[in-house]
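Before any comments, here is the structure.
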Ligand SMILES: Nc1ncnc2c1ncn2[C@@H]1O[C@H](COP(=O)(O)OP(=O)(O)OP(=O)(O)O)[C@@H](O)[C@H]1O
Ligand SMILES: [Mg+2]
């Protein structure tokens, strides 16, 4: 059974329909990527999974229906979301931001260990520990968003363009960290990315969406070789 | 000189009251960007509750603590029942709800307790402490109570996970939900805390101004001034503003413009700050992108 099963997902902002019946699956322990042009509905798909927009259709997580539930409750099931725009608590310190990520956890001592683990992943954040998060650079805030999500100890990690605004070296680093947490901590990952080449290298499975519909899906290798994908998203 | 010292110290005592009410206003403003016009009446109403408890035979401090607890619950209930349904309504609609709340609390107080002025006891001795000639025991006591409350609040918001969650929910509700914080309940807790702070302020000021349904009217105006002076989104600023306004009010009232025009000080301050420095001394300057 897949960890996440989405069937006929529709979503709208007011009168504007954005998702027109999207279906996809994510296998437990896997990395799946969702690709698509600007405005295709990738961010909306992630928002829909977290109950941040009104939806129709079925969303199952670990077999349980989660559509229609409040965001706070979905998060408590172990779904962490690195949102579009990073979602930094700008007036709080870096450390406070990270601690908030663990807000729902009860295992205090392990939270401390995880905090140190995040600082090991991103030493920059340790240096900026007591600094107001709003004063961090865009890239640092992106690292903070990823670490904040990991502090939840999620089963499923939703990432909305984690490489956005990062220098190439850091992009590679973030992708490496994603691979590590996927392999070592068995965190399943749903990755939305503009950087299709890297996303396809990392992921096992890929979906391509266009204007709110899935137009192509399959193993990442196969998608990478797809003629149209190559021309539109990989640029060669 | 003695007269001046006396007025400054008396100003600090009332300033503490303004600081508390201003802090309550700022807390709700930070979380909702709304100014709770009913804050004063809520405090007045809770002071009547304390009066009832004391008359029913409770000792002062048990009645005090019980009132703080009841005020907290009342604040939470008001948020859940009255404010929450209009949460997403236009600002004007919410303001109308606040004013309705103000009028209702006032009329209920008049209905239950009649409008006649009542004396409210002070827990502090009647003769001045340490034989000082500047401040009454109640003034000193009120300052101490206010400072203890402010310290407790500071510690709560600064050092507890719940306090951190409340700050997060006020700042960035969407992100707060994404880490699992129940933002709606945090707002309700904020209302509860604000009501409890108001209740303490009401109980501390009632022995000075006497207990009557309109006792908080002037105080609310001073608290607005204090919140604006400090910066309406800065809790520390609101507290500073409260003490400043209290001292200014007393000193100017005694030596410059006379007691009758004291309230004008608040109004002048409000207008002055809005014209000269709308963000207050400690507030953040908001720059709107065009
Ligand atoms: N809050 C909103 N209100 C109204 N329309 C919205 C809102 N957010 C997104 N949309 C619209 O929904 C559509 C899909 O947006 P979405 O953000 O999901 O795209 P995306 O695939 O994430 O794009 P990008 O790659 O640019 O991030 C777009 O046409 C957008 O204009
Ligand atoms: Mg997007």
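Protein chains in written order, with this note's numbering: chain A, 1 to 236; chain B, 237 to 526.
Cβ coordinates follow ideal geometry from the N, Cα and C atoms, glycine included.
Rounded straight-line distance, which links the Cα of residue j to that of residue i
| i | j | result |
| --- | --- | --- |
| residue 509(B) | residue 247(B) | 20 Å |
| residue 496(B) | residue 350(B) | 26 Å |
| residue 145(A) | residue 98(A) | 8 Å |
| residue 133(A) | residue 127(A) | 12 Å |
| residue 92(A) | residue 404(B) | 8 Å |
| residue 89(A) | residue 414(B) | 12 Å |
| residue 310(B) | residue 348(B) | 17 Å |
| residue 5(A) | residue 22(A) | 11 Å |
| residue 34(A) | residue 264(B) | 40 Å |
| residue 328(B) | residue 140(A) | 40 Å |
| residue 408(B) | residue 306(B) | 29 Å |
| residue 313(B) | residue 423(B) | 11 Å |
| residue 105(A) | residue 235(A) | 43 Å |
| residue 54(A) | residue 504(B) | 48 Å |
| residue 138(A) | residue 166(A) | 8 Å |
| residue 187(A) | residue 48(A) | 20 Å |
| residue 280(B) | residue 96(A) | 37 Å |
| residue 116(A) | residue 417(B) | 23 Å |
| residue 526(B) | residue 515(B) | Reliability of the predicted coordinates at residue 526(B) is poor, the pLDDT of 43 falling under 50, and the value obtained from them is presented with this limitation in mind. Those two C-alpha atoms are separated by around 19 Å. |
| residue 334(B) | residue 464(B) | 19 Å |
| residue 170(A) | residue 94(A) | 19 Å |
| residue 482(B) | residue 454(B) | 12 Å |
| residue 343(B) | residue 289(B) | 20 Å |
| residue 331(B) | residue 389(B) | 27 Å |
| residue 459(B) | residue 159(A) | 45 Å |
| residue 198(A) | residue 336(B) | 58 Å |
| residue 251(B) | residue 499(B) | 14 Å |
| residue 27(A) | residue 421(B) | 35 Å |
| residue 242(B) | residue 379(B) | 15 Å |
| residue 212(A) | residue 18(A) | 6 Å |
| residue 506(B) | residue 277(B) | 20 Å |
| residue 239(B) | residue 362(B) | 21 Å |
| residue 7(A) | residue 512(B) | 58 Å |
| residue 206(A) | residue 262(B) | 48 Å |
Beta-carbon separation (whole angstroms), residue i vs residue j, contact threshold 8 Å
| i | j | result |
| --- | --- | --- |
| residue 436(B) | residue 385(B) | 6 Å |
| residue 488(B) | residue 501(B) | 5 Å |
| residue 216(B) | residue 364(B) | The structure shown does not extend to residue 216(B), since chain B is modelled only from 237 through 526, so no value can be given for it. |
| residue 260(B) | residue 478(B) | 11 Å between Cβ atoms; not a contact. |
| residue 181(A) | residue 150(A) | 7 Å |
| residue 253(B) | residue 451(B) | Actually they are not in contact, since the Cβ atoms of residue 253(B) and residue 451(B) sit about 11 Å apart, beyond 8 Å. |
| residue 143(A) | residue 124(A) | 6 Å |
| residue 400(B) | residue 100(A) | 7 Å |
Buried/exposed call for residue i, threshold 16 Cβ in 10 Å
| i | result |
| --- | --- |
| residue 523(B) | Caution is warranted here: a pLDDT of 49 is assigned to residue 523(B), below 50, making its placement in the model unreliable, and no coordinate value can be reported. |
| residue 63(A) | exposed |
| residue 283(B) | buried |
| residue 375(B) | buried |
| residue 397(B) | exposed |
| residue 16(A) | exposed |
| residue 51(A) | buried |
| residue 194(B) | Because residue 194(B) is not part of the residues shown, which for chain B are 237 to 526, the question remains open. |
| residue 300(B) | buried |
| residue 219(A) | exposed |
| residue 355(B) | exposed |
| residue 42(A) | buried |
| residue 39(A) | exposed |
| residue 255(B) | buried |
| residue 491(B) | exposed |
| residue 448(B) | buried |
| residue 456(B) | buried |
| residue 154(A) | buried |
| residue 224(A) | buried |
| residue 266(B) | buried |
| residue 426(B) | buried |
| residue 297(B) | exposed |
Check: residue i C-beta below 7 Å from any heavy atom of ligand 4
| i | result |
| --- | --- |
| residue 112(A) | For ligand 4, the structure offers nothing, since it holds only ligand 1 and ligand 2. |
Under 5 Å, CB to nearest heavy atom of ligand 1: contacting residues: 13(A), 18(A), 38(A), 39(A), 40(A), 41(A), 42(A), 43(A), 44(A)
Minimum length 4: unbroken alpha helix (DSSP H) runs contained in the stretch 315-378 of chain B: 327-349
Alpha helix (DSSP H) runs wholly inside the stretch 81-125 of chain A, at least 4 long, in chain order: 94-101, 108-121
Contained beta strand (DSSP E) runs [length at least 3] in the stretch 144-200 of chain A, N- to C-terminal order: 156-160, 188-192
Ordered list of alpha helix (DSSP H) runs contained in the stretch 415-450 of chain B, each at least 4 residues: For the stretch 415-450 of chain B, whole alpha helix (DSSP H) runs of length 4 or above, ordered along the chain, are 419-445.
Sequence ranges, beta strand (DSSP E) only - wholly within the stretch 5-51 of chain A, length at least 3: 16-26, 31-35
Contiguous alpha helix (DSSP H) assignments of at least 4 residues, all confined to the stretch 256-324 of chain B: For the stretch 256-324 of chain B, whole alpha helix (DSSP H) runs of length 4 or above, ordered along the chain, are 275-291, 296-314.
Minimum length 4: unbroken alpha helix (DSSP H) runs contained in the stretch 455-498 of chain B: 471-491
Runs of beta strand (DSSP E) wholly within the stretch 205-232 of chain A (minimum 3 residues, chain order): 205-210, 213-219
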